[in-house]
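Under the working numbering, the residue at position 27 of the sequence shown is numbered 27, and the numbers go up by one with no gaps. All C-beta atoms, glycine included, are put in the ideal place defined by N, C-alpha and C.
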Amino acid sequence: MNGNEAERERIGVTLRTIRELRGFTVEELAHELGISRPYLSNIEAGRKNLTPKLTTKACSVLLIQQKALIREGYLPTR
Numbered sequence: 001m002n003g004n005e006a007e008r009e010r011i012g013v014t015l016r017t018i019r020e021l022r023g024f025t026v027e028e029l030a031h032e033l034g035i036s037r038p039y040l041s042n043i044e045a046g047r048k049n050l051t052p053k054l055t056t057k058a059c060s061v062l063l064i065q066q067k068a069l070i071r072e073g074y075l076p077t078r
């Protein structure tokens, strides 16, 4: 795994964790983001990149700052 893959995986895990903390299902968040459930699952699994546009939208929907997804070791409180 190279650095980009590791970063993509870390962001995906962070997105999944925050989604679950906020009480969204994969289907609900995918709908809010305007993407398919499989595409969101691939992002959370680190197989697809979270684009800047989706990052902005996800942060808005999940009520978090972008650093919550991008910065390692930073997770919001409930």
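In the DSSP assignment, find the alpha helix (DSSP H) that holds A6 and state where it starts and stops. 3-21
Of the residues V13, I43, S36, E32, the one placed nearest A68, counting alpha carbons only: V13
Other residues of its chain near V26: CB distance less than 7 Å, five sequence neighbours each side excluded: R37, L40, S41
Express the C-alpha separation of K57 and I35 in angstroms, rounding to a whole number. 11 Å
If V61 sits next to L33, beta carbons under 8 Å apart, how far is it from one beta carbon to the other, in whole angstroms? 7 Å
For I64 and I18, believed in contact at Cβ under 8 Å, the rounded distance: 6 Å
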